[in-house]
Amino acid sequence: MKIFQSSLCLYCHSPIRESAGWANIFFLEEADLLCLACRSRLISIQGNTCVICCKPLQTGDKCPDCEEWLVDPMFGQALDYNVSLYTYNPFMKDVIARFKYRGDYELARIFAAELRKKAPKAHFVIPIPLSDERLNERGFNQAEAIGMMAGMVLENGLVRVHGEKQSKKSRYDRIHTEQVFRIHPKASDFQDKTILILDDIYTTGTTLRHAGALLKEAGAKRIISLTIAR
1322 MKIFQSSLCL
1332 YCHSPIRESA
1342 GWANIFFLEE
1352 ADLLCLACRS
1362 RLISIQGNTC
1372 VICCKPLQTG
1382 DKCPDCEEWL
1392 VDPMFGQALD
1402 YNVSLYTYNP
1412 FMKDVIARFK
1422 YRGDYELARI
1432 FAAELRKKAP
1442 KAHFVIPIPL
1452 SDERLNERGF
1462 NQAEAIGMMA
1472 GMVLENGLVR
1482 VHGEKQSKKS
1492 RYDRIHTEQV
1502 FRIHPKASDF
1512 QDKTILILDD
1522 IYTTGTTLRH
1532 AGALLKEAGA
1542 KRIISLTIAR
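All residue numbers for the sequence shown refer to our numbering, where the first residue is 1322 and numbers rise by one.
Spelled out as structure tokens, the structure:
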């Protein structure tokens, strides 16, 4: 049985008319949250990609950036691989900016179903933490929000000890920043565990590798990251 229902696009607020079966009604499937026009602007990352960072490639299996990371004595083995859902195009940039900086918390729902589908298996899911200053400024942690919207069980495994915005730094400064995290005092035992790190954007991979290096020092066997955009 199909039931027609109307809702508003979470991004542009235009009406969406969709058909829903009993599965949607009982939450076994997630109803569409974007209109067709907005959904068409979400560009999934597909095809040949770097086996480490998920960057689209024309040839080869590793991008030049990851080749450089691999020979870094401190962070070369910090990240086993990254999974990113979408290309960081102008549309995605605005979606994340509205969600992250302008408090449009509901936009996190857009990514929930795809995050659940693409999330690699892991013993723990750890969202990248914000500094206390940044958390007070925004009112929520965007990495934690997307995980909660996706129904993930989250572990507070890390604490941020450096408050400067990564987005304000140059690429060189991001890569050469000193360790910005420490292990949470009430963290679980990570010995020989696979850990999934959750964040909104993969830029240079520095933040994820800082977190991964620290978690491997704490005994983690494998570090995977999952991000909305790349």
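Built from N, CA and C at the ideal position, the CB exists for glycine as well.
Buried or exposed (CB count within 10 angstroms, at least 16 for buried), residue i
i, result
"Ser-1335", "exposed"
"Ser-1405", "buried"
"Leu-1436", "buried"
"Glu-1388", "exposed"
"Arg-1503", "exposed"
"Lys-1376", "buried"
Rounded C-alpha distance that separates residue i from residue j
i, j, result
"Ile-1337", "Val-1480", "41 angstroms"
"Ser-1546", "Ser-1328", "33 angstroms"
"Glu-1351", "Ala-1443", "Per-residue confidence for Glu-1351 stands at a pLDDT of 49, beneath the threshold of 50, marking its modelled position as unreliable; no derived number is given."
"Ala-1418", "Ser-1452", "18 angstroms"
"Ser-1543", "Tyr-1409", "It is Arg, not Ser, that sits at residue 1543 in the sequence shown. The alpha-carbon atoms of Arg-1543 and Tyr-1409 are separated by roughly 26 angstroms."
"Asp-1513", "Ala-1539", "9 angstroms"
"Gly-1368", "Asp-1521", "21 angstroms"
"Leu-1363", "Ala-1471", "18 angstroms"
"Gln-1398", "Gly-1460", "33 angstroms"
Residue span of the beta strand (DSSP E) that contains residue i, given as start and end
i, result
"Leu-1363", "Taken as a continuous stretch (DSSP letters only), Leu-1363 belongs to no beta strand (DSSP E), as it is neither H nor E."
"Ala-1550", "1543–1550"
"Pro-1448", "1445–1448"
"Asp-1521", "1515–1522"
Neighbourhood of residue i by C-beta distance below 7 angstroms, restricted to the same chain and skipping five residues each side
i, result
"Lys-1438", "none"
"Leu-1331", "Leu-1354, Leu-1355, Glu-1427, Leu-1428, Arg-1430 and Ile-1431"
CB contact flag (residue i, residue j, <8 angstroms)
i, j, result
"Asp-1393", "Cys-1374", "no"
"Phe-1420", "Gln-1463", "yes"
"Ala-1532", "Ile-1467", "no"
"Leu-1378", "Gly-1526", "no"
Cβ shell of residue i (< 6 angstroms), same chain only, five flanking positions each side left out
i, result
"Met-1473", "Val-1446"
Residues near residue i by beta carbon distance below 8 angstroms, same chain, minus five either side
i, result
"Leu-1475", "Val-1446, Ile-1447, Pro-1448, Glu-1465, Gly-1468, Met-1469 and Leu-1519"
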